[in-house]
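A.B. asks: Before we start, here is the structure in question, set down as structure tokens.
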Amino acid sequence: MGHAYIRMKPREWKWLDVATRLKKVGVDREADRCRKKWDNLMQQFKKVHHFQGLSGKQDFFHLCGKDRMSKGFSFNMDRAVYDEILGSTAKNHTINPKNVADTGAQGGVRLPSASSTDPESMGDGDGGAEHDDDNDGSTKGSSQTTGGAGGFGKRKSTRQQFFEAMTECMEKHGALMASTMESNNKRHCSIAIRQCEALEAEVEVQKKHYAASDEVSKLMYHTLLEIAKAIAKR
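Taking my numbering, the leading residue of the sequence shown gets 2, the next gets one more, and so forth.
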């Protein structure tokens with residue numbers, strides 16, 4: 002129960018910390034939205050990662066939007082975001098399976114146990130200690146207790162590293178989105194400014210045209226007036 006509590010406790014504050022860090026780079030997003038966004042990103046990443054691992058397939062990032070849709074991708078993922086998540090999950094053997102035996106372990110070749118592969122899938126450790134105590138005696142059981150404490154520390158360190166990598170990835174993604182939005186806003190502003198300048202130029206042309214038309218109208222008016230006066234004198 003204690004281990005389960007330790008595993009669950011960070012989930013409440015880590016997203017608050019992510020939201021705080023994102024706010025520092027100009028992205029105002031609630032903790033729950035950060036969690037949902039991360040879940041969506043991970044689902045998209047896993048789908049792209051699986052596609053990238055299939056032999057004979059094209060590179061996802063070289064496909065156009067139409068080709069991506071035809072292959073079942075209803076989303077777009079930036080290469081920078083994919084690379085950041087890939088780097089942060091390099092030690093996650095659920096995504097990158099580890100099938101290498103530990104030949105340097107004491108007692109011969111040992112396959113990696115659940116406790117050394119995925120921090121989330123670790124057992125409490127007490128059951129394993131009891132099992133070793135029954136088979137190997139109290140002396141080995143005491144060493145297992147020490148090893149269990151070290152394993153917990155290692156697990157905590159791995160979880161902390163993954164959390165820090167995930168937070169960094171979210172920060173970079175938030176900064177990338179903010180930069181993209183800023184770039185789009187600048188582009189729209191630039192287009193609007195050019196349109197305004199074109200309209201101003203058109204207004205000036207129309208002003209000159211109407212001014213010239215007024216001059217012609219005045220000349221015609223004066224000419225007709227002179228003709229009328231000449232006729233009246235006859």
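Yeah, the Cβ is synthetic: ideal placement off N, Cα and C, and Gly gets one too.
In whole angstroms, give me the CA-to-CA distance for V1 and V204.
C.D. replies: This structure gives no information on residue 1, because the portion of the chain shown stretches from 2 to 235.
A.B. asks: Just to confirm, is the Cβ distance from V28 to G175 under 7 Å?
C.D. replies: In contact: V28 and G175 (Cβ atoms closer than 7 Å).
A.B. asks: Which two residues bound the contiguous alpha helix (DSSP H) that contains M70?
C.D. replies: Run containing M70: 66 to 71, per the alpha helix (DSSP H) assignment.
A.B. asks: Is it right to say E85 is buried, meaning 16 or more other beta carbons lie within 10 angstroms of its own, or is it exposed?
C.D. replies: Buried, because 16 or more other Cβ atoms sit within 10 Å of the Cβ of E85.
A.B. asks: Would you give the residue range spanned by the alpha helix (DSSP H) that N41 belongs to?
C.D. replies: Per DSSP, N41 belongs to the alpha helix (DSSP H) from 32 to 54.
A.B. asks: Where does A5 fall in DSSP's three states?
C.D. replies: Confidence at A5 is low in this model, with a pLDDT of 47, below 50, so its placement is unreliable and no value can be given for it.
A.B. asks: Would you mind giving the Cβ-Cβ distance between A166 and V26, rounded to the nearest angstrom? I have them listed as a contact below 8 Å.
C.D. replies: The Cβ separation is near 17 Å, so there is no contact.
A.B. asks: Check whether the Cβ atoms of R34 and E172 sit closer than 7 Å, and answer yes or no.
C.D. replies: No. Outside cutoff.
A.B. asks: I'd like to know whether the C-beta atoms of F52 and F62 end up nearer to each other than 7 Å.
C.D. replies: Cβ atoms of F52 and F62: not closer than 7 Å.
A.B. asks: Go ahead and pull the three-state DSSP assignment for V26.
C.D. replies: Residue state, collapsed to three classes: coil.
A.B. asks: Please state if the CB of M78 and the CB of Q277 are separated by a distance shorter than 7 Å.
C.D. replies: Because the chain in this structure spans residues 2 to 235, residue 277 falls outside the shown range and cannot be described.
A.B. asks: Measure from the alpha carbon of G88 to the alpha carbon of each residue in L64, F164, E31, then state which is nearest.
C.D. replies: Among L64, F164, E31, the Cα nearest to that of G88 is on F164.
A.B. asks: Kindly indicate the opening and closing residues of the alpha helix (DSSP H) around R80.
C.D. replies: 80 to 89 is the span of the alpha helix (DSSP H), which, as asked, contains R80.
A.B. asks: Ignore the nearest five residues each way along the sequence and tell me which others in L177's own chain have a CB closer than 8 Å to its CB.
C.D. replies: Excluding positions up to five away in sequence, the list reads D79, A81, V82.
A.B. asks: Taking only beta-carbon positions, decide if M78 is within less than 7 Å of chain C.
C.D. replies: Judged by its chain identifiers, the structure shown contains no chain C, having just a single protein chain.
A.B. asks: What's the C-alpha gap between R195 and K187?
C.D. replies: Near 12 Å, if we compare the C-alpha coordinates of K187 and R195.
A.B. asks: Given this structure, state the Cα-to-Cα distance separating L225 from E216, to the nearest angstrom.
C.D. replies: Each residue's alpha carbon lies about 14 Å from the other.
A.B. asks: How would you call K24, buried or exposed, if buried means at least 16 neighbouring beta carbons within 10 angstroms?
C.D. replies: Classification of K24: exposed, given that the 10 Å Cβ count is below 16.
A.B. asks: Just mark W14 as buried or exposed, buried being the case when its beta carbon has 16 or more other beta carbons within 10 Å.
C.D. replies: Its Cβ having fewer than 16 others within 10 Å, W14 is exposed.
A.B. asks: Taking the C-alpha atoms as reference points, what is the distance between A213 and M221?
C.D. replies: Rounded to the nearest angstrom, the two C-alpha atoms are 12 Å apart.
A.B. asks: Can you list, in chain order, the residues of its chain whose CB lies under 8 Å from that of R69, leaving out five sequence neighbours each side?
C.D. replies: For R69, where only same-chain residues beyond five positions count, the Cβ hits under 8 Å are F61, N77.
A.B. asks: Express the C-alpha separation of T168 and T90 in angstroms, rounding to a whole number.
C.D. replies: Their backbone Cα atoms lie some 12 Å apart in a straight line.
A.B. asks: Check whether the Cβ atoms of W16 and R30 lie closer than 7 Å to each other.
C.D. replies: Going by C-beta atoms, W16 is not nearer than 7 Å to R30.
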